[in-house]
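Asker: My questions all concern the structure below.
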Amino acid sequence: MYLRLVAVGLMMLLLSGCWGNRNIDQIVYIHSIGIDYDHRQFVLYVQLINFSGLAKAEYGGGRQVAAVAIGRSAGETPEIAAHELYTSIQQMVSWGHVKSIVFTKRALKKEVVRGVIDLLTRYHEIRHTIWVYATDASLTDVFKATPLLHASSYLSMLTNPEELFRQSSFIRPLRFNRLIAISDEHSATLRIPYITLDPASWTEDTKKKKMLSLSGVCFLHDYELQQCTDREKLLGVRWTERDVIRTPIYVKEGRQTVASLVVRHPKAKWSVLSTKDGPAFQLTIQAQGSLIELRRPLSRERLAKLAAQTVKQEIQQAYEWGVNRNIDVLNVSDQLYRSNVHKWRQWEQNGIIPLKRKPFETFPSIFPSALPARKNWIIVQATRWLLHAFARFYGWKGSRYGFRTLGSR
Numbered sequence: 000m001y002l003r004l005v006a007v008g009l010m011m012l013l014l015s016g017c018w019g020n021r022n023i024d025q026i027v028y029i030h031s032i033g034i035d036y037d038h039r040q041f042v043l044y045v046q047l048i049n050f051s052g053l054a055k056a057e058y059g060g061g062r063q064v065a066a067v068a069i070g071r072s073a074g075e076t077p078e079i080a081a082h083e084l085y086t087s088i089q090q091m092v093s094w095g096h097v098k099s100i101v102f103t104k105r106a107l108k109k110e111v112v113r114g115v116i117d118l119l120t121r122y123h124e125i126r127h128t129i130w131v132y133a134t135d136a137s138l139t140d141v142f143k144a145t146p147l148l149h150a151s152s153y154l155s156m157l158t159n160p161e162e163l164f165r166q167s168s169f170i171r172p173l174r175f176n177r178l179i180a181i182s183d184e185h186s187a188t189l190r191i192p193y194i195t196l197d198p199a200s201w202t203e204d205t206k207k208k209k210m211l212s213l214s215g216v217c218f219l220h221d222y223e224l225q226q227c228t229d230r231e232k233l234l235g236v237r238w239t240e241r242d243v244i245r246t247p248i249y250v251k252e253g254r255q256t257v258a259s260l261v262v263r264h265p266k267a268k269w270s271v272l273s274t275k276d277g278p279a280f281q282l283t284i285q286a287q288g289s290l291i292e293l294r295r296p297l298s299r300e301r302l303a304k305l306a307a308q309t310v311k312q313e314i315q316q317a318y319e320w321g322v323n324r325n326i327d328v329l330n331v332s333d334q335l336y337r338s339n340v341h342k343w344r345q346w347e348q349n350g351i352i353p354l355k356r357k358p359f360e361t362f363p364s365i366f367p368s369a370l371p372a373r374k375n376w377i378i379v380q381a382t383r384w385l386l387h388a389f390a391r392f393y394g395w396k397g398s399r400y401g402f403r404t405l406g407s408r
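If you're matching positions, the sequence shown starts at 0 in numbering that gives the first Met the number 0 and goes up one per residue.
So, in structure tokens, the structure goes:
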């Protein structure tokens, strides 16, 4: 009996306890990371979050004013900059709740981005599924911009972009692991959501309140920034994005808006053609949408035609914007790479096939007979133009290969 008691006592000594646990108010939780690069120094910004106030709001307590704490440090490497924070923060730091990382435009350089990737992939606490953004605004101001109604920063756009994307789809939110995967593809152009501060749209407690706004896209190729621009010039990009859920179309007749449609789950299908003149591409877009607003009587056929023209114009505008800046906005080079890597190697220059050509000569075709019988629904089937690689093909006509050109039947 005595031996049994001794054995039980010894086993109890091996049991784990909770002596090392800390309350949440004893730990500083980093919520978002900002990366800047100035005078060959990595400048690190961190946004801290208070989980205590968030817990009270979720369990019916009064909502407190959202407190925001922002730290800044600098160093020759990202690790040196991160370690500098420990000298003045005065509490245990947890990196396990980081939800997003924001790069400034001047930090979107190959050596900077790769340095940050190297650090984050080696450090075990930070997940590879954090959201990635780019901005040209002050990172301090970006992290100060809390949600409305004194909500916690935990509910901001930096943490929950998928909710906004479901309601109004433009650029697909980007996770850190996708940034690495796409940037490592020599044929692909990466699209990073570009955020700014909107100082005029919202008022809270009689005061103007700055709010985060998804205002455009930044394009990167081989980890290098090409350019950032606002969304109005790149509306056509959304028709080639994956997983688009809900996006609006404002149909115009002349200069006047005559109808508003909400398009759901558009599908883009690429066909890569190999011709003696070089690579060519056919893009077919199918979409279903609901009629939300009709300001003038229009037949279903007329509405479908105008909607398809709008889609065509948006894609054409986005592509031409990229051609003028040698940016593969629609990722046609990646389509050729995945379809025929040997042809891609033949035509590519630094991973991208040449995009020089005169303004487009082929346009979408609309098939009213494909419309379903159900009212307020449309199907847009758009056959895209052929994109050629070299300037010597400027005189090429799409009808040569059986595709409709302007004025053809």
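Note that the Cβ used here is the ideal one computed from N, Cα and C, for glycine as well.
Should G8 go down as buried or exposed, given a rule of 16 or more other Cβ atoms within 10 Å for buried?
Answerer: That one is exposed.
Asker: Under three-state DSSP, which class holds K143?
Answerer: It is helical.
Asker: Is A307 helix, strand or coil by DSSP?
Answerer: It is helical.
Asker: Quick one: Cα of K357 to Cα of N323, how far?
Answerer: Summary for K357: the model assigns pLDDT 44, below 50, so the residue's position carries little reliability, and this model does not support an answer.
Asker: Could you check the C-alpha separation between H30 and L224 for me, to the nearest Å?
Answerer: If I take the Cα positions, the gap works out to 25 Å.
Asker: Ignoring anything shorter than 4 residues, give me the alpha helix (DSSP H) runs that lie fully in the region 176-207, in order along the chain.
Answerer: Counting whole runs of 4 or more residues, the region 176-207 contains no alpha helix (DSSP H) stretch at all.
Asker: So for S212, helix, strand or coil by DSSP?
Answerer: Residue state, collapsed to three classes: strand.
Asker: Is it the case that the Cβ atoms of L90 and V27 are separated by a distance below 7 Å?
Answerer: Residue identity check: residue 90 is Gln in the sequence provided, not Leu. In this structure, V27 lies closer than 7 Å to Q90 by Cβ.
Asker: Comparing alpha-carbon positions, which option in Q281, E319, Y318, L293 lies nearest S338?
Answerer: Checking every option, the nearest Cα to that of S338 belongs to Q281.
Asker: Where does D35 land, buried or exposed, given buried means 16+ other C-beta within 10 angstroms?
Answerer: Buried.
Asker: Would you tell me roughly how many angstroms separate the C-alpha atoms of E184 and Y222, rounded to the nearest one?
Answerer: Roughly 10 Å between the two C-alpha positions.
Asker: Can you tell me which of L148, V141, S168 puts its alpha carbon nearest to the alpha carbon of R241?
Answerer: For the residues L148, V141, S168, the minimum Cα distance to R241 belongs to S168.
Asker: Tell me which same chain residues have a C-beta within less than 8 Å of the C-beta of D140, skipping the five on either side of it?
Answerer: Once the five neighbours on either side are set aside, the close Cβ partners of D140 are L196, K209.
Asker: Are the CB atoms of F218 and T188 within a distance shorter than 7 Å?
Answerer: In contact: T188 and F218 (Cβ atoms closer than 7 Å).
Asker: What does DSSP give as the partner residues of W94 in its beta bridges?
Answerer: According to DSSP, W94 bridges with nothing at all.
Asker: May I ask you to verify whether the region 168-180 touches the region 324-336, counting CB pairs closer than 8 Å and requiring at least 3?
Answerer: Taking 8 Å as the limit for Cβ pairs, the verdict is that the region 324-336 does not touch the region 168-180.
Asker: Hey, could you find the ends of the beta strand (DSSP E) D37 is sitting in?
Answerer: Segment 26-37, the beta strand (DSSP E) holding D37.
Asker: Go through the region 255-301 residue by residue and report every complete run of the beta strand (DSSP E) that reaches 3 residues or more, in order.
Answerer: With a minimum length of 3 residues, the continuous beta strand (DSSP E) runs that stay inside the region 255-301 are 255-274, 277-293.
Asker: Skipping 5 residues on each side, what residues in its chain have a beta carbon closer than 8 Å to that of T128?
Answerer: Around T128: R174, F175, N176.
Asker: Within 10 angstroms of its Cβ, does T205 collect 16 or more other Cβ (buried), or is it exposed?
Answerer: Exposed, since its Cβ has fewer than 16 Cβ neighbours within 10 Å.
Asker: May I have a chain-ordered list of the beta strand (DSSP E) segments no shorter than 3 residues that lie completely inside the region 101-136?
Answerer: Whole beta strand (DSSP E) segments, 3+ residues: 130-134.
Asker: Can you check which of these residues, R301, L354, R299, P278, is closest to W343 by C-alpha distance?
Answerer: Residue P278 is the option with its Cα nearest to W343.
Asker: Which whole-angstrom value describes the C-beta separation of V216 and I191, a residue pair presumed to lie in contact below a C-beta threshold of 8 Å?
Answerer: With a Cβ gap of about 7 Å, V216 and I191 count as contacting.
Asker: When the Cβ atoms of the region 286-305 are set against those of the region 260-275, are three or more pairs found closer than 8 Å?
Answerer: Contact holds: three or more Cβ-Cβ distances are below 8 Å.
Asker: If you count every other CB in all the chains shown that lies within 10 Å of the CB of R165, and 16 or more means buried, which is it?
Answerer: Its Cβ having fewer than 16 others within 10 Å, R165 is exposed.
Asker: Please confirm whether P77 and G114 have their CB atoms less than 7 Å apart.
Answerer: Yes. Within cutoff.
Asker: Skipping 5 residues on each side, what residues in its chain have a beta carbon closer than 6 Å to that of M156?
Answerer: These residues qualify, in order along the chain: L211.
Asker: Over what stretch of residues does the alpha helix (DSSP H) that includes V236 continue unbroken?
Answerer: From DSSP, V236 is part of no alpha helix (DSSP H); its letter is neither H nor E.
Asker: When burial is assigned at 16 or more other CB atoms within 10 Å of the CB, is D327 buried or exposed?
Answerer: Per the 10 Å Cβ criterion, buried.
Asker: So the alpha helix (DSSP H) L84 belongs to, where does it begin and stop?
Answerer: Start and end: 77-88.
Asker: Kindly indicate if chain C contains any beta-carbon less than 7 Å away from that of C227.
Answerer: Although the question refers to chain C, the structure presented lacks it and comprises just one protein chain.
Asker: Buried or exposed, going by whether 16 or more other CB atoms sit within 10 Å of the CB of W384?
Answerer: Model confidence at W384 stands at a pLDDT of 39, short of 50, so the residue's coordinates are unreliable and nothing is read from them.
Asker: Under DSSP, the beta strand (DSSP E) around E223 begins and ends at which residues?
Answerer: Segment 223-229, the beta strand (DSSP E) holding E223.
Asker: What separation, rounded to the nearest whole angstrom, lies between the Cα atoms of R254 and I116?
Answerer: So the alpha carbons of these two residues sit roughly 47 Å apart.
Asker: Can you confirm whether the region 81-101 touches the region 117-126 when touching is taken to mean that 3 or more C-beta pairs between the two stretches lie within less than 8 Å?
Answerer: Yes, they touch.
Asker: Can you check DSSP and say which residues form a bridge with Q46?
Answerer: Paired residues: S31, I69.
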